[in-house]
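S.K.:
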Amino acid sequence: MSAIPISFPGAGLRTPRWATVFAWLALLPILVAAVAPELLTSASPILINPLHALLPPGGDHWFGTDQLGRDLFTRVVHGARPSLLLGLGATVLAVVAGSLLGVLAALGGRVTDQVVGRALDVLLSLPQLLLALLVITVLGGGVANVVIAIALAFTPGYARMVRTEAMVVRRSGYVEAARGLGLPPTVLVARHVLPNAVGPLLVLATVGFGTALIAGSGLSFLGFGVQPPAPEWGAMLSEGRDFLGDAWWLGLFPGAAITITVVAVNVLGRAAQRRYTRRTV
Amino acid sequence: MSLLRRVGAGVMVLWGAATLAFISLLLIPGDPVSTLLGPATMASPEVRAQIAADYGFDRPVAVRYLDYLGTVVTGDLGSSYQLQRPVGLLIADQLGPTVQLALAAMVTAVVIAVISAVTTAGRARPVRAAAGAWELVAVSLPSYWLGILLLTAFSFQLRIFPVIGAQDLAALVLPALTLALPIAGVLAQVLREGLEAALAQPFAVTARARGLSQFAVRLRHALRHAAASLATLTGWLVGSLLGGAVLVETVFGRSGIGALTLQAVGNKDMPVVMGVVLLSALVFVVISNVVDLLHTAIDPRVRA
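Line by line, the protein sequences are chains L and C. Heads up: the first sequence begins at -17 in the working numbering, then just goes up one per residue. Heads up: the second sequence begins at 2 in the working numbering, then just goes up one per residue.
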């Protein structure tokens, strides 16, 4: 569950047009489920119905029912919002924090750069999941703390990338010129440094979102994030784990939702990366 | 990089990890004695003061920091709040199963990646597209879900492997595979691209012209070049194995460092979590240095 410090899976291969189309087709219902779950299902994701416990997938219950008789399809649909929000929240937070740190390191002078650089080296040497667990030990569980934990675990990767980009820009003639014109550092950063880092940062954040989604649901799976009975994909897998012998569907559908989302996001990120490199090279 | 600088950089990372662990300890909200005693305990002020003195919570932060660094250097990681045993012993007890799992997963991942890369690199478009597709799915798989799928299929339905808890060799197969597959996806991609680059170089053409078979060129010449690109992934690999072990051990109900860590996180047993952080930094430093040395051995260009 570490950041992959390389290009996207399948880089070097052109993303076929149909793959991008399929990715959007897969993401569309998931996005609808996250924004307006009522459009896809009218049942309650929480209301229990013991008479209908552990029914296999069928006409009435597309994905079957769980040990408390709740419709699994309904729960997977309602699980989209919390699952995606965990990943999205952590990614946004990490990108912002990483950008600030990266710019600080690149433009703050040699000592700042050394200190920030060494600190990043230390954080990057530890497994991201362990960093997140360290934060959770300090702050405790819960949704907000899990978002913070994952964001902290992912920040060093973004910071290093922004620092590299900012260094390149800093050495370029036009920033030199802008500084010569007497632009204050904040304007310099906002107008010239950050816009140049935005492209690669967005591409990295796309794949980072997929990884953060896996991490967020993983921490819920471990019992630290979204708590049952609230529907969240990782928490649902954790609940269903005790019934795998009788009800394979409990282990299948919530995880499939995570994987399909991440595959689709990675395909789109890869396509974006190729578009971006074509434009700049 | 000279030996001295190498050791220096390693010490810096370890010092940083120790500092990070210490800062985390300070950041825990509330009174450390209450954290130590647990939420439901009633203790008289005298007892609390005694505990604070025993653990040194009453001393200034700077003194505690130096003291902590001093004990860590001697290999003493302190005592678990919850289990009342030295953290070093707790970790040593649980190290075996996790090392076994991580090594088995690493070997599995490398074997899968090499087979995938050697058979698909530079082939016709459909073959490469299929390789790209499996790599993409593999890296997008949450390990906890993969573990659940394998458990359902091979333990509950087909009954080939034991379900949970066992620690023998048969019980290692599914966890190792679970940990290995997402890693294999990344390694396969990097190796395949490395192989494709190497096969396009003149030495590959020369070897082929000398009469070597296509496979011999790939295995004996190109693979060696491609393997060098894996060296940069070492840190990521170590992190994935250690971090992944936490989830995989949970899914399969195995004991190990992951299970120990998880229990400590839930109990706010900070000394254990700090010990695992240090251990993980140590493993990272040692392994990345070993890989650097190996890299120097297989790639003469690095030696210069």
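From the three backbone atoms N, C-alpha and C, an ideal C-beta is built for every residue, glycine too.
1) Which class does S107/L belong to by DSSP, given the choice of helix, strand or coil?
2) Is I92/C close to chain L, meaning its C-beta is less than 8 Å from at least one C-beta of that chain?
3) Can I28/L and A62/L be called in contact, C-beta distance under 8 Å?
4) May I ask which residues mark the beginning and end of the alpha helix (DSSP H) holding T56/L?
5) Taking the beta carbon of E136/C as the centre, do at least 16 other beta carbons fall within 10 Å, making it buried, or is it exposed?
6) Can you check whether the CB of P183/C is closer than 8 Å to the CB of L151/C?
7) Report buried or exposed for Y140/L, applying the criterion of at least 16 other Cβ atoms within 10 angstroms of its Cβ.
8) Thinking just about the alpha-carbon of each residue, which of L66/L, M143/L and F45/L is nearest to the one in T243/L?
9) Between which two residues does the alpha helix (DSSP H) holding W1/C run?
10) Say whether the region 81 to 95 of chain C touches the region 254 to 268 of chain C, bearing in mind that this needs 3 or more beta-carbon pairs closer than 8 Å, one atom from each stretch.
11) Would M107/C pass as an interface residue toward chain L - the criterion being a Cβ-Cβ separation below 8 Å?
12) Could you check the C-alpha separation between V125/L and L178/C for me, to the nearest Å?
13) Name, going along the chain, the residues of the region 206 to 232 of chain L whose beta-carbon falls closer than 7 Å to a beta-carbon of chain C.
14) Might you give, ordered along the chain, the residues of its own chain that have their beta carbon closer than 6 Å to the beta carbon of L201/L, omitting 5 neighbours on each side?
15) For A172/C, collect the residues of the same chain with a Cβ closer than 6 Å to its Cβ; drop the 5 residues on either side in sequence, then sort them by chain order.
16) How many Å lie between Q95/C and G276/C at the Cα?
17) Does the Cβ-Cβ distance between G186/C and V252/C come in under 8 Å?
18) CA-CA distance, R221/C and L196/C?
19) Determine whether the beta carbon atoms of A114/L and A79/L lie at a separation below 8 Å.
20) Mind checking P252/L: buried by the 16 CB within 10 Å criterion, or exposed?
21) Where does G9/C sit, in a helix, a strand or coil, going by DSSP?
22) Pull up the CB-CB distance for V287/C and H296/C, whole angstroms please, since I reckon it's below 8 Å.
23) Could you tell me whether any Cβ in chain C is nearer than 8 Å to the Cβ of S202/L?
24) Give the secondary structure of S289/C by DSSP, where H, G and I count as helix, E and B as strand, and everything else as coil.
25) Using 10 angstroms around the beta-carbon of E158/L, count the other beta-carbons present and answer buried if the total reaches 16, otherwise exposed.
26) Let me know the secondary structure DSSP gives P163/C once reduced to three states.
27) Report buried or exposed for L54/L, applying the criterion of at least 16 other Cβ atoms within 10 angstroms of its Cβ.
28) Could you tell me if F204/C is buried or exposed, where buried requires 16 or more neighbouring beta carbons within 10 angstroms of its beta carbon?
29) Once you ignore the five residues that flank F45/L on each side, which residues in its own chain have a CB closer than 7 Å to its CB?
30) Would you identify the three-state DSSP class for V263/L, choosing helix, strand or coil?
31) I'd like to check one pair, A118/C with A199/C: are the Cβ atoms closer than 8 Å?
32) Quick one: what's P87/C bridged to in DSSP?
33) Relative to the C-alpha of N248/L, which residue among F191/L, H43/L and L106/L is closest?
34) What are the residues that DSSP puts in a beta bridge with T47/L?
35) So with CB distances below 8 Å, who are the chain L contacts of F157/C?
36) On the CB-based measure, 16 or more other CB atoms within 10 Å of its CB, does V239/C come out buried or exposed?
M.R.: Reading off the structure:
1) If DSSP states are grouped into helix, strand and coil, S107/L belongs with the helices.
2) No, no contact with chain L.
3) Contact: no.
4) Judged by DSSP secondary structure, T56/L falls within the alpha helix (DSSP H) whose first and last residues are L54 to L89.
5) E136/C comes out buried.
6) Not a contact, by the Cβ cut-off of 8 Å.
7) So Y140/L counts as buried.
8) Measuring from the Cα of T243/L, the nearest candidate turns out to be L66/L.
9) As displayed, chain C neither begins before 2 nor continues past 305, which places residue 1/C out of reach and without an answer.
10) The region 81 to 95 of chain C vs the region 254 to 268 of chain C: in contact.
11) Not flagged as an interface residue toward chain L: M107/C, since no C-beta distance is shorter than 8 Å.
12) Inter-residue distance for V125/L and L178/C is about 30 Å (C-alpha atoms, whole angstroms).
13) For the region 206 to 232 of chain L, which is checked against every Cβ of chain C, the residues closer than 7 Å are L219, R223, L226, G227 and W230.
14) For L201/L, where only same-chain residues beyond five positions count, the Cβ hits under 6 Å are V128 and G207.
15) Taken in chain order, the residues that qualify are P163.
16) Distance from the CA atom of Q95/C to the CA atom of G276/C, rounded to whole angstroms, is 13 Å.
17) No, Cβ-Cβ distance for G186/C and V252/C is not below 8 Å.
18) Here the C-alpha atom of R221/C lies approximately 11 Å from the C-alpha atom of L196/C.
19) No Cβ-Cβ contact shorter than 8 Å links A114/L with A79/L.
20) Checking the sequence, you will find Arg at residue 252/L rather than Pro. Buried, by the Cβ-count rule.
21) In this structure, G9/C counts as helix in the three-state DSSP scheme.
22) Here V287/C is actually not in contact with H296/C; their C-beta atoms are around 15 Å apart, not less than 8 Å.
23) Taking 8 Å as the threshold, the shortest C-beta distance from S202/L to chain C does not fall below it.
24) If DSSP states are grouped into helix, strand and coil, S289/C belongs with the helices.
25) Of the residues assessed, E158/L falls on the exposed side of the cut-off, its CB having fewer than 16 other CB atoms within 10 angstroms.
26) Here P163/C sits in coil by DSSP.
27) The residue in question, L54/L, is buried, as its Cβ has 16 or more Cβ neighbours within 10 Å.
28) The residue in question, F204/C, is exposed, as its Cβ has fewer than 16 Cβ neighbours within 10 Å.
29) Cβ neighbours of F45/L beyond the five flanking positions: P39, L54, F55, V58, W231 and F235.
30) At V263/L, the pLDDT of 42 sits below 50, so the modelled position is not reliable; the number obtained from the coordinates is stated separately. V263/L carries a coil assignment under DSSP once its states are collapsed to helix, strand and coil.
31) In this structure, A118/C does not lie closer than 8 Å to A199/C by Cβ.
32) Paired residues: S80/C.
33) From the listed residues F191/L, H43/L and L106/L, the smallest Cα separation to N248/L is found for F191/L.
34) D53/L, per the DSSP bridge assignment.
35) Within chain L, the residues near F157/C are L226, G227 and W230.
36) Buried.
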